[in-house]
Amino acid sequence: MLTVEHYGQIRRAHRDGMSVRAVARTLHHSRRKIREALARPEPRPYTRCQEPPAPRLGPYHAIIDAILADGRAGAPQTAAHHAAGVPPPA
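Following my numbering, the numbering of the sequence shown begins with 101 at its first residue and continues without gaps.
Okay, structure coming up:
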């Protein structure tokens, strides 16, 4: 995985006249990765493809969400504000 610093090193080396092959050899990355870094105007952000697995908690997500929804509806006003992250009225 290339970091922002790697992107900078690749761009500076290529700007100074090094070939893609020389940059790849010097910085220990593949030529394909060097070409991808030069083609992008900025580094690609990290994104998850899938949600992380929750093997033990997974079957209980719906139950927990129902308990939390019921808890907010029946709570006193100040507790409901606190649960929602809103400061209580003055």
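Just so you know, even glycine gets a beta-carbon here, dropped at the ideal spot from N, CA and C. Just so you know, these numbers come straight off a predicted model, no measurement behind them.
Can you tell me where the alpha helix (DSSP H) holding residue i begins and where it ends?
i	result
Gln109	104-115
Leu138	131-139
Measuring straight from C-alpha to C-alpha, what distance separates residue i and residue j?
i	j	result
Ile110	Pro141	12 Å
Leu127	Val104	14 Å
Asp116	His106	15 Å
Gly158	Tyr146	24 Å
Pro153	Leu102	26 Å
Lys133	Val123	10 Å
Asp170	His161	14 Å
Arg144	Arg125	23 Å
Quick test of your reading: residue i and residue j, contact by CB under 8 Å. State the CB separation rounded to the nearest angstrom.
i	j	result
Arg135	Arg121	With a Cβ gap of about 11 Å, Arg135 and Arg121 do not count as contacting.
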